[in-house]
Structures are given as C-alpha cells and as structure tokens.
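Number of protein chains: 2
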Amino acid sequence: MAGKRSGKNRPQPGKSPRPTREPRGEPPLSLERIVATAVELLDTQGIDGLTMRRLADRLGSGVMSLYWHVDNKEDVFDLALDKVLEYRAPSDRAEPQGWRQEAVHVLEGWRASMLRHPWSASLLPRRALGPNILGRLELLANALSKAGVADADLNVAIWSLWNHVMGSTITRASFELTDDDQAAAQQRLAGLSERYPTIERSRLLLDSDWDGAFRKGLDYLLDGLAPIR
Amino acid sequence: MAGKRSGKNRPQPGKSPRPTREPRGEPPLSLERIVATAVELLDTQGIDGLTMRRLADRLGSGVMSLYWHVDNKEDVFDLALDKVLEYRAPSDRAEPQGWRQEAVHVLEGWRASMLRHPWSASLLPRRALGPNILGRLELLANALSKAGVADADLNVAIWSLWNHVMGSTITRASFELTDDDQAAAQQRLAGLSERYPTIERSRLLLDSDWDGAFRKGLDYLLDGLAPIR
DNA sequence: ACCTGAACACCGTTCAAGT
DNA sequence: ACCTGAACACCGTTCAAGT
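Going down the list, the sequences are from chains A and C. So the first sequence is numbered by UniProt numbering: it starts at 1 and just counts up by one. So the second sequence is numbered by UniProt numbering: it starts at 1 and just counts up by one.
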C-alpha cells in the first residue's frame with residue numbers, strides 16, 4: 001500500500017500527469033493495456049482463464065511487472081469489470097423521452113453490456129461498486145425520482161430493478177453457453193417425468209425467451225413501482 | 001468415467017445397496033460425509049476456502065481418497081449446492097392455501113435456504129440444476145399453473161421469479177458481509193456528491209430493506225403474472 | 001520510476017500401487 | 001472395493017535486486 005502505486009493515487013481519467021515519452025514501437029506496460037488485455041482474456045477464456053502469469057505473457061512482460069501497476073489479482077478483476085461497464089452519459093440535448101423510457105433505457109443498456117461479456121454478470125455482485133456502476137445507478141435513481149417514486153421508496157425501487165437485471169443476466173449467460181448440455185438436461189428430465197411433470201411438459205430447459213422475460217418482468221416492476229406514468 | 005464410481009451409478013437416496021459394516025469408531029469415507037464436510041468448509045471459510053486438500057484433512061484421509069467418491073472439485077460444488085437446497089416436499093394434508101400463497105412460500109423458502117449459506121447464491125447460476133432445485137421449480141411451476149398462468153406464459157413466469165430470487169439473494173449476500181466497507185463506500189460517495197447526488201442523498205449504500213424489497217418486488221411480479229387471484 | 005527472476009506456499013489431478 | 005504417496009503442471013505473491 002505504501003510507497004507503491006495503489007488505487008488511491010491512480011491518475012484521474014481526465015488529466016494525464018505529464019507526457020512522459022512517445023510510445024514508439026512496443027508499447028510499455030500501462031494500466032490501460034493491462035486492463036484491456038485482461039478483458040480480452042476473460043472474453044476468450046472465461047473467468048478461470050484469467051491468470052496473472054497468462055496476462056503477463058500476453059503483454060510480453062514478466063509476471064511481477066504487473067504488480068507495480070496493480071495491487072493484486074482482485075484489483076485486476078475490479079478494473080476489468082468497471083471497464084466493461086463503461087457507458088456514455090446521455091447527452092442532455094437528446095430529445096427528452098419519458099422518465100420511464102429513460103429508466104428502461106438505462107437498464108437495457110446495462111444488461112446489454114453485461115451480456116457482451118458473460119463473465120461480468122457473475123463477477124459484479126461480489127465486488128465493490130466501481131465508478132461506472134455508480135454512474136449507472138445514479139442515472140437510474142434520477143429517472144425513478146423524476147418518474148414520481150417517493151424518496152422513501154427510492155432505495156427499494158433501485159434494488160428491485162438491480163436485482164431483476166442481475167438475475168436475468170446471470171441466468172441467461174449461464175444457460176446460453178450450454179446448448180447441448182441443455183438438451184441433455186431436458187432429456188434427463190424426461191426420464192424423471194413422473195417427478196417433474198409440469199416443468200417437463202413446459203420444456204422449461206429448452207425454449208426460453210430471455211429477452212421477453214426480461215422485458216415483461218421489467219414492465220411489471222415498473223408498473224408497480226411508478227404507477228404514475 | 002469408466003470403471004469408477006461416477007455420478008450415474010451413485011446409490012439412490014432410498015435404497016442402501018447392502019449393510020456393508022457397522023461404522024464403529026472413525027466413520028469411513030462416504031459421499032455423505034464428504035458433502036457434509038464440504039458444506040461446513042464453505043460455510044466457515046467461504047467459496048475459496050474449499051480445497052480438496054483441506055477437505056481431505058478435515059476428513060482424516062489422503063487427498064486422493066476423495067477421488068474415488070467424487071469425480072472432481074466441480075462435482076463437490078454441485079453436490080454441496082444441491083445438499084444445501086434440500087427441501088421438504090409439502091405434505092398434501094397441509095391445509096390448502098391459495099396458489100399464490102403457495103408460490104410465495106416456495107420462493108421464500110428457497111431464498112431462506114440460500115441466505116443461510118451465502119456462497120450458494122453465487123454458485124447456483126453457474127452450475128447444473130440438481131434434483132432439489134428441479135423439485136423446487138416443479139413446485140413453483142405447479143402453483144403458477146394452478147394460479148391461472150397460461151401454459152404459453154409459464155416459462156417466462158418461472159424465469160422472472162427465479163431471476164428475482166437469485167438477484168435479490170445474491171445482492172443481499174454480497175452487501176451484508178461488509179458493514180464497514182459499506183460505510184466506507186458511502187463515505188467515498190459523499191466525497192463525489194456532485195457526481196452522484198441522487199444516490200448519495202438516498203444513502204443507497206447504507207440502509208436498504210432487503211426483505212422488504214424482495215417482498216414488494218415479488219408482489220409486483222405476481223400481480224402482473226397471475227392477475228387472476 | 002519501473003521491471004525482473006528466484007523462491008515459497010500453495011493448488012487440482014494423473015498415475016502406478018497398495019490392501 | 002477402497003485408499004494411498006509421489007509427482008506434474010500449474011497457481012498468486014514476497015522479496016531482494018536490478019536499471
């Protein structure tokens with residue numbers, strides 16, 4: 001923590017401390033490169049594919065070089081996660097839609113970001129909230145507040161919606177990868193059809209309209225939370 | 001897979017193959033003991049605390065002895081997870097409540113089981129569905145079906161509710177452990193109050209009524225899904 | 001200010017044996 | 001049928017140096 005570059009004194013996104021040198025040829029190690037490569041690795045190899053050693057390899061450096069830029073592996077996870085959740089704050093000049101539309105837009109964008117990087121959904125709940133997540137929460141809170149949700153209900157509303165996004169994204173990500181497994185599971189289920197007749201009949205494990213379920217559930221929640229359309 | 005005890009030929013819960021020997025003194029290794037100890041370890045040490053070596057230590061056996069009973073570490077996770085989700089099928093003689101009450105009961109029991117073992121919520125979405133989970137899904141599907149949810153909407157309804165349970169449980173489990181961190185986070189947030197004014201004002205990270213949020217969200221969903229009370 | 005290799009204390013799992 | 005130790009190919013991170 002002391003004498004070493006740590007989370008607290010990382011350069012703020014806006015101001016670069018000094019133009020140290022022109023990056024000609026092989027780019028030097030940097031926090032940005034590390035994070036970008038970590039995301040690559042996670043995207044291609046999954047959550048267990050991210051290894052400090054593998055990461056260093058891809059960057060063409062020794063393993064321990066990473067530790068000057070980063071506290072530990074947890075730190076890498078946090079940074080990769082927040083990176084993936086980057087968002088463009090909506091320009092104020094955009095035509096003002098309804099507040100409800102705005103909330104839906106935030107939540108769908110959030111979900112889309114996570115579905116693009118399936119590892120992110122299962123990682124997010126266990127980690128600290130990075131600036132990008134806080135930014136999205138702020139947008140959401142703002143929209144809800146303006147949509148007429150009372151201050152006393154605001155936290156409950158936010159968490160309900162958060163839960164819906166997290167739950168549906170995690171479920172979808174984990175069930176999507178495994179088409180064959182899914183068929184096999186339904187097969188196994190058929191063998192036990194006397195124990196699970198209802199879900200066997202509805203073919204729960206086979207066809208599921210994830211996007212539809214997300215939208216429907218979202219509408220129900222919003223109807224309940226902010227009846228003043 | 002071949003020649004070795006694997007998932008497929010595990011003894012069915014009901015019938016013990018033969019009373020091999022009276023377990024006097026140190027109990028021998030068995031799948032039940034392994035799973036029970038794994039749950040212990042997970043409860044006390046968290047998800048990273050479960051190690052094949054540590055598990056063997058606690059059981060007083062060599063590491064490799066475990067592998068006769070179990071395929072690999074993933075298998076241990078699956079078994080521990082399903083164990084923790086055991087439930088008593090409701091006795092048919094219980095006074096028949098409304099179908100909606102029944103669905104709520106299933107979902108709350110499910111959530112309670114997971115909250116008792118915080119690691120389980122974050123594990124479940126990534127793993128295959130064990131018999132106990134399927135059992136709970138069947139109960140739920142049945143209740144919904146009788147509550148008037150059309151067959152065509154059944155899967156969507158199940159997944160929406162599943163998502164709600166998963167999301168709220170995971171969120172709560174991950175935010176509950178860290179009282180100090182939470183205060184620190186809110187503190188940090190206060191320093192950035194011009195960037196996140198709304199969630200700073202609502203003290204989102206401090207007070208949140210998890211149980212209330214769960215119940216409210218659940219009611220909204222059920223209202224929407226099965227309007228025919 | 002930045003990067004490094006050697007070393008430590010761990011992992012999960014294969015294999016070839018033992019009873 | 002059940003259990004074992006040695007060995008392999010990995011991990012994350014500390015430390016003491018190098019430039």
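The beta carbon of each residue, even a glycine, is placed where N, CA and C say it ideally should be.
| Item | Value |
| --- | --- |
| Do the stretch 198-205 of chain A and the stretch 137-144 of chain C touch if we need at least three Cβ pairs shorter than 8 Å? | yes |
| Please state whether the Cβ-Cβ distance between W210 of chain C and R172 of chain C is less than 9 Å. | yes |
| By a C-beta neighbour count over all protein chains shown, 10 Å radius and 16 as the cutoff for buried, is L192 of chain C buried or exposed? | exposed |
| Looking at chain A, which residues of the UniProt domain "HTH tetR-type" (28-88) of chain C have a Cβ within less than 7 Å of any of its Cβ atoms? | none |
| According to DSSP, is T198 of chain C part of a helix, a strand, or is it coil? | helix |
| From G135 of chain C to D57 of chain A, what distance separates their C-alpha atoms? | 46 Å |
| CA-CA distance, P125 of chain C and Y87 of chain A? | 26 Å |
| Since P90 of chain A meets chain C, which of its residues come closer than 8 Å, beta carbon to beta carbon? | Those do not exist, as P90 of chain A stays about 15 Å from chain C at its closest Cβ, beyond 8 Å. |
| Following a CB-centred definition, is D71 of chain A positioned closer than 8 Å to any heavy atom of the ligand COA? | This structure lacks the ligand COA; in fact it carries no ligand of any kind. |
| Can you check whether the CB of L154 of chain C is closer than 9 Å to the CB of G113 of chain A? | Sequence check: residue 113 of chain A is Ser here, not Gly. Not in contact: S113 of chain A and L154 of chain C (Cβ atoms no closer than 9 Å). |
| Using the Cα positions of A80 of chain A and Y67 of chain A, report the straight-line distance between them to the nearest angstrom. | 16 Å |
| Quick check on DSSP: helix, strand or coil for V149 of chain C? | coil |
| What does D151 of chain A touch in chain C if you count any residue whose Cβ is under 7 Å from its own? | S202 |
| From this set, A:F175, A:L31, A:P131, A:L221, which residue's C-alpha is nearest L161 of chain A's C-alpha? | A:L221 |
| Using the beta-carbon count (16 or more within 10 Å), is S122 of chain A buried or exposed? | buried |
| Over what stretch of residues does the alpha helix (DSSP H) that includes T51 of chain C continue unbroken? | Segment: none, T51 of chain C is in no alpha helix (DSSP H) and carries neither H nor E. |
| From the DSSP output, in three-state form, read off G212 of chain C for me. | helix |
| V35 of chain C and M52 of chain C - do their beta-carbons sit closer together than 9 Å? | no |
| If you reduce the DSSP assignment to three classes, tell me which class Q186 of chain C lands in. | helix |
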